[in-house]
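These notes are about the structure you will find just below.
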Amino acid sequence: MTRPALDSKTLARRIAEFLDLLEARWHHEGNPPDLAHPEPLDGLILTVLSQHTNDRNRDAAFARLKERYPAWEEVAAAGYEAVEDAIRPAGLAPTKGKRILEILNVVQRDFGRYSIASLARRGRDEARKYLLSLPGVGEKTAACVLLFDMGLSAFPVDTHIARVCQRVGFVPQGTPPEDICALLEREVDPARYLGGHVNIIEHGRSVCKAHKPLCPSCSAAGLCSFAANGPK
Ligand code: SF4
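Residue numbers for the sequence shown follow this note's numbering, so the first one is 16 and each next one is one higher.
Below is the structure:
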């Protein structure tokens with residue numbers, strides 16, 4: 016694992032200061048979004064659909080799937096070609112359709128029903144281990160389901176969070192997302208995970224953009240290594 020350059024206490028303080036600045040700008044800790052699904056399996060399938068596409072396409076595919084097959088039993092019975100057709104707006108439909116049916120099959124086998132609601136009671140680490148064992152489920156997908164749908168303390172790291180954390184200097188360039196996730200879960204107060212996660216994403220989309228970060232208008236520039244030293 017890539018080691019952070021700062022000692023843990025200093026790093027935790029810097030991240031907290033950064034989150035304070037982002038909260039002052041974006042306010043998602045004070046107004047956390049309610050993204051949870053009553054059934055976490057819905058959140059899991061939605062997150063599978065979100066891979067390599069935008070929120071609009073993801074939501075269109077999920078709505079189309081649920082409209083055609085309201086219950087997961089019906090999706091499982093519909094078969095591969097029908098599922099692939101229903102989720103086409105999300106892109107990569109052949110791969111995602113296969114994954115969705117594999118996941119439903121494993122969940123039914125393990126829980127005796129199309130539900131993973133009881134998984135939250137096993138706690139974060141066990142729930143994460145189970146989610147990661149499912150076909151096509153990686154660290155980001157697992158962390159999203161833990162945080163948004165199970166109310167457990169996970170800090171998903173997407174492309175925006177990875178980029179921002181590297182630029183600000185919390186981790187070296189090239190640090191894998193799973194290492195950034197482990198660092199954030201170690202150094203950030205769990206009460207800040209949800210709002211902090213959404214604040215960083217909004218900052219990454221609106222200010223710390225991939226191709227042209229808007230450093231002169233960034234409220235966190237005083238803490239940022241990229242703003243002080245430029246790209247490394
Ligand atoms: S100062 Fe620039 S690089 Fe640093 S967080 Fe802000 S926008 Fe991103």
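For each residue, glycine too, the CB sits at the ideal point set by N, CA and C.
Thr110 sits in a helix when the DSSP states are folded into three classes. Secondary structure at Cys239: coil, using DSSP grouped into helix, strand and coil.
A direct Cα-Cα distance of roughly 22 Å separates Ala76 from Glu154. For Val222, the CB falls within less than 7 Å of some heavy atom of ligand 1. Residue state for Asp125 is assigned as helix, using DSSP reduced to three classes. Counted as a single uninterrupted DSSP element, the alpha helix (DSSP H) harbouring Asp74 occupies residues 70-83.
Between Leu59 and Val160, the beta carbon gap of about 5 Å places them in contact (Cβ cut-off 8 Å). Here the region 160-170 does not lie against the region 78-85, with fewer than 3 beta-carbon pairs under 8 Å apart.
Take the alpha-carbon of Ala235 and the one of Asp125: they are about 46 Å apart.
Counting every other CB atom within 10 Å of its CB across the protein chains shown gives Asp70 a total below 16, marking it as exposed.
Within the region 176-208, the complete alpha helix (DSSP H) runs of at least 4 residues fall at 192-202. Not one heavy atom of ligand 1 falls within 7 Å of the beta-carbon of Ala27. Nearest in C-alpha terms to Asp164, of all of Leu37, Ala31, Leu26, Pro55, is Pro55. In the structure shown, Asn46 falls within a coil segment according to DSSP collapsed to helix, strand and coil. In this structure, the alpha-carbon of Thr156 lies about 7 Å from that of Val63.
When the beta-carbon positions are compared, Leu162 and His226 stay at least 8 Å from each other. Excluding the 5 residues flanking it on each side, Ala242 has same chain C-beta neighbours closer than 6 Å at Cys230, Ala236, in chain order.
Counting other Cβ atoms within 10 Å of its Cβ, Gly219 reaches 16 or more and is therefore classed as buried. Beta-carbon to beta-carbon, Leu116 and Tyr95 are separated by about 6 Å, close enough to satisfy the 8 Å threshold.
Annotated three-state conformation of Asp35 is helix, per DSSP. The alpha carbon of Pro104 has as its nearest neighbour, out of Gly245, Ala78, Val152, Tyr208, the alpha carbon of Ala78. Distance from the Cα of Arg29 is smallest, within the candidate group Asn244, Leu198, Asp57, Glu44, for Leu198. Exclusion of Arg40 from the 7 Å shell around ligand 1 follows from its C-beta lying no nearer than that to any non-hydrogen atom of the ligand.
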